[in-house]
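Under the UniProt record's numbering, the sequence shown has 43 at position 43, and the numbering climbs by one with no breaks.
As structure tokens, the structure follows; a few thoughts come after it.
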Amino acid sequence: MRIEKNVILQVAHDIFLKKGYKKTNISEIATKAKIAAGTFYNYFDSKESLFLEVYVQENERVRNDLISNLNLNDLSVDQLLEKIFEYTINKVTHNKILAEWNNHQISSVLHQYYASDVGKQNNTFHVFLTKTLRNILKEKKFDDDNIDELMRVYDLIYYLDMNITSSDFEDYEKTLKLLVKYFCKGVLTTKEDN
């Protein structure tokens, strides 16, 4: 039975990647997976639940690729942020699965998952960023209380990203990038001045 689910996920991935969420339907997925439409419901409650699983897998694949290509020792914080944002914008813009983050038809399902404790714990990129930021702050000799305070700011930035899309706020991606950039610069400059 696990084989059928994996086939459904792979077929769905390929169709969602080609057509996007709205233009993909369960009957097409079932036909290409060579299963009865009713068999689909043995594995997934709905198109939304299938898409969520496909999205999470695709997001993990793309983010893990980014993480493996980052050399933290050779990059300044500005360079690191620039590389993360550039990579993210390029990959999301050209990927019909990841671009659905901004589609109100499905984005609330995606945002709810990533805002949940399970979503945060399973989000390799979020775990990577949290760990990296904590390590940078420790290297800069911030004490534990200051690190906890600054991590709350990171949590707020994460919260904003889970609740706002580019259709909710004009130039959202550009503004988020500026917020993150100046937060990091402010933190590092403040500590260096003290």
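Glycine is no exception: its CB is placed at the ideal position from the N, C-alpha and C atoms.
Every value quoted in this text rests on a predicted model; they were computed, and no experiment measured them.
Alpha-carbon spacing of L179 relative to K185, whole angstroms: Position 179 of the sequence shown, counting from 1, holds the residue named residue 179. Position 185 of the sequence shown, counting from 1, holds the residue named residue 185. Approximately 10 angstroms, taken between the alpha carbons.
Span of the alpha helix (DSSP H), counted from its first residue to its last, around F40: To locate residue 40, count along the sequence shown from 1; it is residue 40. 37–40 is the span of the alpha helix (DSSP H), which, as asked, contains F40.
C-alpha gap between residue 195 and Y182, whole angstroms: Here the chain comprises residues numbered 1 to 194, so residue 195 is not present and cannot be evaluated.
When DSSP labels each residue in this structure, what does T165 get in the three-state scheme? Locating residue 165 in the sequence shown gives position 165, counting from the first residue. Shown here, T165 sits in coil according to DSSP, grouped into three states, outside any helix or strand.
Tell me the rounded alpha-carbon separation between Q79 and I35. Working through the sequence shown from its first residue, we reach residue 79 at position 79. Working through the sequence shown from its first residue, we reach residue 35 at position 35. Their Cα atoms are separated by approximately 48 angstroms.
Residues in its own chain within less than 8 angstroms of I15 by CB, not counting five upstream and five downstream? Residue numbering aside, residue 15 sits at position 15 when the sequence shown is read from its first letter. Same-chain partners within the cutoff: T24, E28, I29, K32.
Given 8 angstroms as the limit, is there contact between the region 134–145 and the region 84–101, that is, 3 or more CB pairs closer than that? The region 134–145 is not in contact with the region 84–101.
Backbone secondary structure at E58 - three-state DSSP: As a working mapping, residue 58 is identified with position 58 in the sequence shown. Residue state, collapsed to three classes: helix.
Since A30 is in the alpha helix (DSSP H), which residue starts that stretch and which ends it? Counting from one through the sequence shown, the residue named residue 30 turns up at place 30. A30 -> alpha helix (DSSP H) spans 26–33.
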